[in-house]
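Take a look at the structure set out below.
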Amino acid sequence: EAEVAQSPRYKITEKSQAVAFWCDPISGHATLYWYRQILGQGPELLVQFQDESVVDDSQLPKDRFSAERLKGVDSTLKIQPAELGDSAMYLCASSLTGPEPSYEQYFGPGTRLTVT
Amino acid sequence: AQSVAQPEDQVNVAEGNPLTVKCTYSVSGNPYLFWYVQYPNRGLQFLLKYITGDNLVKGSYGFEAEFNKSQTSFHLKKPSALVSDSALYFCAVRDRKSFQKLVFGTGTRLLVSP
């Protein structure tokens, strides 16, 4: 069964350092999502791509976070500089695209970030 | 804005007993509702969804959910709980104003005791 791949699974970094996460969606899924999940809370959307274009980044802290999906396939989420409050699980998901609103999202295993 | 509420932080049930995890929603228009499960240090796994049609939706691993429009609820149920069902469960609603965006509840931890 096809899965969303993410790396690394765990990342420990010091405050003010740069960190990057990678995601490879399920083949054929044009829509890709990055979520942040703080311990004890539900995932919150950071950014959503349709192919290589950003369609929603309203919750992305743009002063320190950036995301790209240059060829419309895999994606990278970067934080620079990292802050203590960025410690969380970062989840990538993908889905089919179209007028049908019922497409479910498939999630990767996530990257657990700890900022010290 | 569209939202879901999960009123219970934790649900405890004995193995073999029926379980219910509650979810209520607030949307404008017809809701698109989803349940996901999360095991420790893992991503979310899709369980089931309600888009339209029959109010009782069947999903993976023997789970089902009942959509109730008058009570704006979408409770997750299983007739007979297993210890392996112990996990974190999230209800979510699709935001119709934002392209396929999912808005999640805060989650309910299910603990099934042997």
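Chain order of the listed sequences is L and Z. For the first sequence, this note's numbering assigns the number 55 to the initial residue and increments by one for each residue that follows. For the second sequence, this note's numbering assigns the number 85 to the initial residue and increments by one for each residue that follows. Note that beta-carbon positions come from the ideal geometry of N, C-alpha and C, so glycine has one too.
CA nearest to the CA of residue i, picked from the options
{"i": "Z/Tyr173", "options": "Z/Glu92, Z/Lys185, Z/Gln155, Z/Ile135", "result": "Z/Glu92"}
{"i": "L/Tyr160", "options": "L/Phe75, L/Thr170, L/Glu68, L/Trp88", "result": "L/Trp88"}
{"i": "L/Gln134", "options": "L/Leu114, L/Thr85, L/Leu93, L/His83", "result": "L/Leu114"}
{"i": "Z/Leu195", "options": "Z/Gln122, Z/Gly137, Z/Val187", "result": "Z/Gln122"}
{"i": "Z/Ala149", "options": "Z/Pro198, Z/Val111, Z/Leu103", "result": "Z/Leu103"}
{"i": "L/Met143", "options": "L/Gln60, L/Ala56, L/Glu55", "result": "L/Gln60"}
{"i": "L/Arg123", "options": "L/Ala72, L/Ile66, L/Gln71, L/His83", "result": "L/His83"}
{"i": "Z/Leu117", "options": "Z/Glu99, Z/Asn125, Z/Phe151, Z/Gln129", "result": "Z/Phe151"}
Coil, strand or helix - residue i by DSSP
{"i": "L/Gly87", "result": "The sequence shown places Tyr at residue 87 of chain L, rather than the Gly named in the question. Strand."}
{"i": "L/Leu145", "result": "strand"}
{"i": "L/Leu138", "result": "helix"}
{"i": "Z/Tyr120", "result": "strand"}
{"i": "Z/Asp93", "result": "coil"}
{"i": "L/Ser129", "result": "strand"}
{"i": "Z/Leu164", "result": "Looking at the sequence itself, residue 164 of chain Z is Ser, so the reference to Leu does not match. Residue state, collapsed to three classes: coil."}
{"i": "Z/Tyr173", "result": "strand"}
{"i": "L/Tyr157", "result": "coil"}
{"i": "Z/Ser197", "result": "strand"}
{"i": "Z/Ser110", "result": "strand"}
Beta-carbon proximity of residue i to residue j, cut-off 9 angstroms
{"i": "L/Val58", "j": "L/Asp78", "result": "yes"}
{"i": "Z/Val177", "j": "Z/Val105", "result": "no"}
{"i": "L/Gln95", "j": "Z/Lys185", "result": "no"}
{"i": "L/Glu68", "j": "L/Thr170", "result": "yes"}
{"i": "Z/Gly200", "j": "Z/Ala165", "result": "No answer is possible for residue 200 of chain Z: it lies beyond the span of chain Z, which begins at 85 and ends at 198."}
**Message:** If the cut-off is 9 angstroms on Cβ atoms, which residues from the region 102-135 of chain L count as contacting chain Z, listed in chain order?
**Reply:** Gln102, Gln104, Val109, Asp110, Ser112
**Asked** Mind listing which residues of the region 70-93 of chain L have their C-beta closer than 7 angstroms to chain Z's C-betas, in chain order?
**Response** Thr85
**Interface residues of the region 131-152 of chain Z facing chain L [CB-CB below 7 angstroms]** = Lys133, Ile135
**Residues in the region 113-124 of chain Z having any Cβ partner in chain L nearer than 7 angstroms** = Against chain L - using a Cβ distance shorter than 7 angstroms - the residues of the region 113-124 of chain Z are Tyr116, Phe118.
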